[in-house]
Every structure is written in structure tokens, then in C-alpha cells.
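Everything on this sheet refers to the single structure shown next.
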Amino acid sequence: MREMRRLRRLDISFIVIALVCLAIIALYLLKNISLGLVGSLDYAFGIVTVGLAVQGGLALWTLRDESQFRGRSIFLVFIIAISLAWVIAITTISMGWPLNIDLFNQWYITNESMSSDPMLIGLVWLICFGVGVLWFLGLVGAVRLLSRMVQVFLPRYLLDIKSVKFDKKDGLLKWAECWVISFPNMLEPSSLRLDPQEQSGKEKVGLFFQTITWQLVLGMLLAIYISLNPMLLSAMDFKETINLIYIPIGILPLFILPWAILDGLGAKVAGTRRDFYLHEGAKKRMMQTMITFGTLLLIMRLALIQIDVVVILINFIIVAFLLLILSLMASFAYFNYFEEWLIQDLKARYEKGN
């Protein structure tokens, strides 16, 4: 396919960018051994984000003709989203909420400094715009990397599932592959087939928001588990655990979008009453492996003893907003630039290997 051939040309550039990022991270950490775990992870994640943004810019230029929306419309929506983030940032700073964003603190942007120098309000907008561009391009690069990995591994994975016999000959790998999607052993794996359906605009919008919803739900659960975990709070303060959240929620779309890919492929196995869809099994397994609701309440109760409830709520509102922005960007990047041709390519690869 034309799109696939274009993106393959970027493979070499991706390898070069990855090596450069690894070299920068290694050199910096060697010179700053005392940086600490959170600081090291934040720095490494920042460098990786910049590298992905470069790759995302190249991918965006390569796929510019594949967009389902005009570039002007995309830019307008982007500016509106950035302006909303700017309003929230200004409100946060003006109210003097605790644990303000470190990036603003580094520029000495506070309620007092904005009152004496209104130009700082414009600087906040520029910071929001720059971070927004970096995030969007970084997520495009991440989705591009994900699509390449899916092209390599997903057809092989589906063929492995189809060959499962549920006996000792299957081996540990096939058992793990079935476990990931909660595959029922009473079904016949050999009946696995791909049945991608032509979706209407309404159905695509529904799948788009469904993907975002799952990212929000799982992202907030992760935020609670990490930031309010008594074991982590005993080793670091609440501000450090909050900073630690941004790394997993930044890569969360890479774990949720494969569900949308399986859904788009229509991967299913024939059942007695109804077909078993692989993406539904993957969602079920993901939720089963999360900590139970009772444990969640216990963690929150223990955390509330140490941390003021207002501080927790304010930080979770900020995390939820950032997670929403990241989920929207990642889902838009996938559905607008990658989904249509990727589904066709995956089906062709599966049928060729079958």
C-alpha cells in the first residue's frame, strides 16, 4: 500500500533518532547520578518525547494527504484546546493552588508576578502552545511506532491463537496469549476470522469516544494507585508521586489503542450463542488485573490520613484534564491518519500467513 511504503522509509530515521535519544539520556544520567529515580525518569521521558515528536512530524508530513479533515480545521480545534488549557493554567496560578506546575515555577510565573507583569499571561499561552505541539507530535510518533509494531506482531499473534489446541503441546507462550484476551477454552480457536465492517460516521465517532473513555478510566485508576499508594508515599512525598503519574498516562494510549485495532479488524471466534470478540476479551482481562475496588478505597483512606483532601482533589483535576487532552490527541492521531490503511494491511498480512 502507498501509505505503508511511505512510512517504511521512515524506519531508518526512527532508528537513528532512537539511538541519539538513548545516547543523550545515558550521557546526562552519567553526569547527574544523584538526580534520583523520579528525576531520572522524568528526564528520560522528556527526551523520548522529543524524539517521538521528531518522528511524529515526519509521519504527519508523510500522511498529510490521508487526513479525513482539512488541516485548517485541525489547527482551529487545536488552538481552541490550547486556549482552554491556558485558561485553566491561568486560573490555577491566580488562585495560588498548591503544587503548581513545575514548568511555570521554573519561569517564576506566579499570581504576584502576573499581577506586576501582564506579559507573563501571554508567556503562559506560549508555553501551553509549545507543550501542546510537542505532545501532539510525540503522540503521532508513538502511534506510528505502535502501528509498526502491530504490523509485525499482531498477524503472528492471531495465527498463534487460531492454532491453539488447549493441550500440553501449546506451550507457555500460547497459554499467555490466550490469557491476555480471556479466551474461553470451550470455543474452537480454529474458527477465528477477521470481519472488518464498513463503519458509518456515527459508528466511528462512537468508537473514537469509547477509546477515549477507556483511556480516562484506566488512566485515573493508575493515577490513584500510584499517587495514593502508601508504600510509595513512605518513600517519597505526594508531589513526587504526582510527577511519577505523568509517565504511565503518557504511554497509556499505546495499551488501549490495540483494543480499537482488534475491534476494527472484527477479530472473532464462533460461539454457540454469540461470537467471541477478541477486543472484548482483552478489555475484560485488563479490568480483572486491576486492583479491586475495596483495595482502592483502602489506599485512599490511608492516603487521606497524610494528605489534605483539597490537595488531592486539585491535583487529580489537573491529571484528569491532562489525561483527557492526551487521550483526545492519541485517539485522533490513530483514527484520522492510521486506522483505515492499517486495518487493510493487517487483514492482508493475516490472510497471507493463514
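Okay, so the sequence shown: first residue is 166 according to our numbering, each after it adds one. From the three backbone atoms N, C-alpha and C, an ideal C-beta is built for every residue, glycine too.
Query	Result
Between the Cα of L302 and those of A498, L507, A254, F503, spot the shortest distance and give me the residue it belongs to.	A498
Beta-carbon within less than 7 Å of I255's beta-carbon, same chain only, minus the 5 sequence neighbours each way: which residues are those?	I286, V289
Return the bridge partner residues of L489 from the DSSP annotation.	Looking at the DSSP assignment, L489 forms no beta bridge with any residue, so it has no partner.
Just curious, the alpha helix (DSSP H) that K433 is in, first and last residue?	Looking at the DSSP string, K433 is not in any alpha helix (DSSP H); the run it does join, the beta strand (DSSP E), is 432-434.
What does the alpha-carbon distance come out to for the pair G459 and V308?	Its pLDDT being 49, under 50, G459 is placed unreliably by the model, and nothing is read from it.
Determine the closest residue to I391 out of A341, D440, I477, V296, with distance taken between C-alpha atoms.	I477
Which residues mark the beginning and the end of the alpha helix (DSSP H) in which R235 is found?	That residue, R235, is in no alpha helix (DSSP H); it is neither H nor E in DSSP.
Buried or exposed for K449, going by 16 or more other Cβ atoms inside 10 Å?	exposed
Should the segment 335-353 be regarded as contacting the segment 377-392, the criterion being three or more beta carbon pairs within less than 8 Å?	no
Using the DSSP secondary-structure output, state which residues sit across from F210 in a beta bridge.	Looking at the DSSP assignment, F210 forms no beta bridge with any residue, so it has no partner.
DSSP three-state label for L359, please.	strand
To the nearest angstrom, report how far apart L264 and I292 are at their CA atoms.	Note that L264 scores 44 on pLDDT, short of 50, meaning its location in the model is unreliable; the coordinates nonetheless yield the value given after this. One C-alpha to the other measures close to 18 Å.
Let me confirm a value: P320 is counted as buried when at least 16 other C-beta atoms fall within 10 Å, else exposed. Which label applies?	buried
Counting Cβ pairs, one atom from each stretch, are 3 or more of them under 8 Å apart for the segment 494-509 and the segment 421-437?	yes
If you follow the alpha helix (DSSP H) that Y322 is part of, which residue opens it and which one closes it?	284-327
Am I right that A250 and G297 are in contact with their C-beta atoms under 8 Å? What's the rounded C-beta distance?	7 Å
Spell out the partners DSSP gives F441 in its beta bridges.	V434
Short check: CB of S347 to CB of G222, under 8 Å?	no
How do the segment 349-362 and the segment 325-338 stand: do at least 3 beta-carbon pairs fall below 8 Å, yes or no?	yes
Leaving out the 5 sequence neighbours to the left and right, which residues in its chain are closer than 7 Å to V213 when beta-carbon positions are compared?	C186
Within the continuous alpha helix (DSSP H) that includes K334, where are the two ends?	From DSSP, K334 is part of no alpha helix (DSSP H); its letter is neither H nor E.
For Q362, is the classification buried or exposed, using 16 other Cβ atoms within 10 angstroms of its Cβ as the cut-off for buried?	exposed
Assuming the contact rule is C-beta atoms closer than 8 Å, T376 and L422 should be a hit. Round their C-beta distance to whole Å, please.	7 Å
With R514 as the anchor, note down where its alpha helix (DSSP H) starts and where it stops.	504-518
Can you tell me which of E231, V219, D207, E353 puts its alpha carbon nearest to the alpha carbon of Y502?	E231
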